[in-house]
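In my numbering, the protein residues as written are 914 to 984. Every residue gets a Cβ at the ideal spot worked out from N, C-alpha and C, and that includes glycine.
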């Protein structure tokens, strides 16, 4: 991936697995990151990895199955 400078990427499930890998690759491609997960410990690990890359990052706990979380 390339060409994400000046863009904000939103990744849910960023605390582990594919979500974490996607967040890292987007950050390496220049994106500012907004990440979320229900696993706050995993989310914190991803947040630190993104900061180490130098990406601006905002991390919040979010359960996408809770409709109220989006209202």
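N-terminal and C-terminal residue of the alpha helix (DSSP H) that residue i is part of
i, result
"residue 924", "Taken as a continuous stretch (DSSP letters only), residue 924 belongs to no alpha helix (DSSP H), being part of the beta strand (DSSP E) at 921-925."
"residue 977", "Here residue 977 belongs to no alpha helix (DSSP H), and DSSP marks it neither H nor E."
Residue i versus residue j - alpha carbon distance
i, j, result
"residue 933", "residue 926", "7 Å"
"residue 974", "residue 959", "12 Å"
"residue 984", "residue 916", "32 Å"
"residue 969", "residue 980", "27 Å"
"residue 953", "residue 922", "19 Å"
"residue 945", "residue 972", "11 Å"
"residue 939", "residue 977", "21 Å"
"residue 918", "residue 965", "17 Å"
"residue 920", "residue 942", "10 Å"
With 16 other Cβ atoms within 10 Å as the buried cut-off, status of residue i
i, result
"residue 948", "buried"
"residue 950", "buried"
"residue 924", "buried"
Sub-8 Å separation of residue i and residue j beta-carbons
i, j, result
"residue 929", "residue 967", "no"
"residue 962", "residue 937", "yes"
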